[in-house]
Amino acid sequence: GDSVTQMEGPVTLSEEAFLTINCTYTATGYPSLFWYVQYPGEGLQLLLKATKADDKGSNKGFEATYRKETTSFHLEKGSVQVSDSAVYFCALSDQGDYKLSFGAGTTVTVRA
Amino acid sequence: NAGVTQTPKFRVLKTGQSMTLLCAQDMNHEYMYWYRQDPGMGLRLIHYSVGEGTTAKGEVPDGYNVSRLKKQNFLLGLESAAPSQTSVYFCASSQTVYNEQFFGPGTRLTVL
Numbered sequence: 001g002d003s004v005t006q007m008e009g010p011v012t013l014s015e016e017a018f019l020t021i022n023c024t025y026t027a028t029g030y031p032s033l034f035w036y037v038q039y040p041g042e043g044l045q046l047l048l049k050a051t052k053a054d055d056k057g058s059n060k061g062f063e064a065t066y067r068k069e070t071t072s073f074h075l076e077k078g079s080v081q082v083s084d085s086a087v088y089f090c091a092l093s094d095q096g097d098y099k100l101s102f103g104a105g106t107t108v109t110v111r112a
Numbered sequence: 113n114a115g116v117t118q119t120p121k122f123r124v125l126k127t128g129q130s131m132t133l134l135c136a137q138d139m140n141h142e143y144m145y146w147y148r149q150d151p152g153m154g155l156r157l158i159h160y161s162v163g164e165g166t167t168a169k170g171e172v173p174d175g176y177n178v179s180r181l182k183k184q185n186f187l188l189g190l191e192s193a194a195p196s197q198t199s200v201y202f203c204a205s206s207q208t209v210y211n212e213q214f215f216g217p218g219t220r221l222t223v224l
């Protein structure tokens, strides 16, 4: 079945540091890929998405590229801020499937 | 436009008690979902609905029941709560299976 594996946290960074969170997936079809973010005490919000190979999703300075050859969708940000402290979830939705398959989540803490 | 709302925000139950979690959305979305979030496991789908009057099982449906009598509401019931159901429960909705899912703020449930 479909599954998502993302790097374990927690990750602690200083402000303006570079952030990478690795995400790889297994899917039977041609999935859409997502990054969701959960700020403390809140629900999940869509951060970015990509629906086909080589697509790049971007939002709020975050980027991720859909790499079919390596089945990966790594999240990157060049210069993090304290406000980026959150839990980040990689997820996929396979063709015709109603559900999202989530990774375990990566907790990111950015220190001033 | 409130988006997705959940009631209650917090609840403590004793083993064997019952309760209903209410999810409401004002976006006229067809699809609605109930997830549970447990540490290190990401989100797992409990039940979902593809339209008013329909429900279907997700990954972890045992011990839960759902109803979708009105398009805007999706209820999750626990008939006899168990400590293993201690979790954070999220409701989500989407217009189609290919669209972004919008999440509610969550309900933190503790079963003693």
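As you go down the protein sequences, you meet chains A and B in turn.
Residue numbering for the first sequence follows our numbering, starting at 1 and increasing by one per position.
Residue numbering for the second sequence follows our numbering, starting at 113 and increasing by one per position.
Even for Gly, the Cβ is constructed at its ideal location relative to N, Cα and C.
Bear in mind that the values here come from a model prediction, so they are computed numbers and not experimental data.
B/A136 to B/D174, Cα distance in whole Å?
23 Å
Closest to A/Y36 by CA distance: which of A/F89, A/L100, A/G105 and A/S101 is it?
A/F89
Does the CB of A/Y98 have a neighbour CB from chain B at under 8 Å?
yes
Give every residue of the same chain whose Cβ lies closer than 6 Å to the Cβ of B/N185, excluding the five residues on either side of it in the sequence, and list them in chain order.
A136
Hey, how far is the Cα of B/L190 from the Cα of B/V162?
21 Å
Between the stretch 8-19 of chain A and the stretch 97-112 of chain A, do at least 3 Cβ pairs fall closer than 8 Å?
yes
The stretch 66-76 of chain A / the stretch 121-134 of chain B touching (three or more Cβ pairs under 8 Å):
no
Assumed close pair A/Y39, A/A112 - CB separation to whole angstroms, cut-off 8 Å
Between A/A112 and A/Y39 the Cβ distance is about 17 Å, and since that is not below 8 Å, they are no contact.
What is the DSSP secondary structure of B/Q213, reduced to helix, strand or coil?
coil
Under the three-state reduction of DSSP, which class applies to A/Q45: helix, strand or coil?
A/Q45: strand per DSSP, three-state reduction.
Closest Cα partner of B/M144 within the set B/P195, B/G115 and B/S199
B/G115
Just to confirm my understanding: we take A/L33, look at its own chain, exclude 5 residues before and 5 after, and list those with CB closer than 6 Å. What are they?
A50, Y66, F73 and L92
For B/S206 and A/L47, what's the separation of their Cα atoms in angstroms?
Using only the alpha carbons, I get a separation of about 16 Å.
With a 10 Å radius around its C-beta and 16 neighbouring C-beta atoms as the bar for buried, classify A/P31 as buried or exposed.
Burial call: buried.
Using 10 angstroms around the beta-carbon of A/K77, count the other beta-carbons present and answer buried if the total reaches 16, otherwise exposed.
buried
Could you check whether B/L134 and B/L181 sit closer than 8 Å to each other, using their CB atoms as the reference points?
no
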